[in-house]
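So the structure is just underneath, and the comments pick up after that.
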Amino acid sequence: MKIRLHLFCYILPFLLFSSLFSCGREDDISPLLVEAKPDIVSTAQNTSVFVEVFANDRNVPDNGVLTITAPANGIAIIENNNTSTLINDDTIIFTPSANFTGVDSFQYTICDDSGICSTAEVKVSVNSLSIVNNIVEDFPLNLLSEYNLFEGDLKDLSPTYGVVPYNLISPLFSDYAKKERFIWIPNNKKASYVADHKSLEFPNGALLIKNFYYNNVLPNNQQQLLETRLMFKT
């Protein structure tokens, strides 16, 4: 009995020490820190845009405070999605000033319940509305450049804002020529879905643009633009 009692006396302090040591390590664990990261979005002139600022952030708390600064060339407001006590589903609506184009910015700050905060910047590129000529009554124009479909050198086929590139699911053979395709739809118009396996219904004034070119044309292995075809919806 004396031996067992002595063992118990040695074991009990060890267990108490282990318990205290374990509790001490748990108390030292730090909470995850909120980490806001920069965002870059774009919109068209005179058009609002929803900014999902939390999409790339880390450890956004359910409860906390979201604040924003005022942009120089527009208005930013917080959309709380009818959940005023939660912030992790909030978005920010940015509306550029009338007719403003260029880059604007504002900052947002997330703070958790313990007062730990993180701030990041949102940059918004506001692009001009399409400068493509509305050619419903004047088609065809004399020169490709008159349509304003491309900017810079025409041979580079760099589309202007609103001219959208697309590809076919099954490319067609054209004597080994390469092709680049684009579509343009007049401002405030849209194409309509009709049915599966049917073509989209495009509005009047829509343009389909198809460029034919060769790569590595001798003697300088350069790209050579062959022709550009326009299909105009009336």
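Heads up: the sequence shown begins at 534 in my numbering, then just goes up one per residue. Built from N, CA and C at the ideal position, the CB exists for glycine as well.
The beta strand (DSSP E) that contains residue i, what's its start and end?
i, result
"S658", "C650 to N660"
"Q756", "Q755 to F765"
"Y641", "G635 to C644"
"F745", "L740 to V750"
"P698", "V697 to Y699"
"R714", "K711 to W717"
"V574", "D572 to A577"
"A609", "G607 to E612"
"P629", "T624 to P629"
"I620", "It is not in any beta strand (DSSP E) - I620 carries neither H nor E in the DSSP assignment."
"I702", "Per DSSP, I702 belongs to no beta strand (DSSP E) and is neither H nor E."
"V584", "V582 to V584"
"L599", "V598 to I601"
Leaving out the 5 sequence neighbours to the left and right, which residues in its chain are closer than 8 Å to residue i when beta-carbon positions are compared?
i, result
"L751", "none"
"V636", "K656, V657, S658 and V659"
"N666", "L674, E679, Y680 and N681"
"L701", "R714"
"A724", "I718, L733, E734, F735, P736 and A739"
"N621", "F587, V593, P594 and D595"
"A603", "A609 and F639"
Can you give the beta carbon distance from residue i to residue j, rounded, assuming they're within the 8 Å contact cut?
i, j, result
"N810", "L565", "Residue 810 is absent from the structure shown; the chain starts at 534 and stops at 767."
"A631", "N675", "Actually they do not touch by this definition, with Cβ atoms about 35 Å apart."
"S581", "F627", "7 Å"
"F587", "A609", "15 Å between Cβ atoms; not a contact."
"L687", "L677", "6 Å"
"A804", "L759", "For the chain, the structure presents residues 534 to 767; residue 804 sits outside this window and is missing."
Tell me which residues share the same chain as residue i and place their Cβ nearer than 6 Å to its Cβ, disregarding the 5 neighbours each side in the sequence.
i, result
"T624", "F583, E585 and E612"
"V696", "L682, F715 and W717"
"T642", "T600, C650 and T652"
"Y766", "The amino acid occupying residue 766 in the given sequence is Lys; Tyr does not appear at that position. Excluding sequence neighbours, K766 sits near F735, N737 and A739."
"C644", "G597, V598 and C650"
"T761", "L677 and N744"
"K722", "P736"
"F706", "none"
"F554", "Residue confidence is low: F554 scores 46 on pLDDT, short of 50, so the model does not pin down where it sits. Its coordinate-derived value is still stated next. Same-chain partners within the cutoff: there are none."
"G685", "S691"
Go through its chain and collect everything with a Cβ distance to residue i's Cβ below 7 Å, but skip five positions before and after it.
i, result
"E568", "D590, R591, N592 and S651"
"Q757", "Y746, Y747 and V750"
"Y726", "L733"
"A577", "N660 and L662"
"P692", "L682, F683, P698 and F715"
"K712", "K743, N744 and F745"
"N754", "none"
"E654", "P571, S638 and Q640"
Quick one, are the C-beta atoms of residue i and residue j less than 7 Å apart?
i, j, result
"N615", "F633", "no"
"L733", "L763", "no"
"N720", "S647", "no"
Within 8 Å, do at least three Cβ pairs link the region 596-611 to the region 570-577?
Contact fails: fewer than three Cβ-Cβ distances are below 8 Å.
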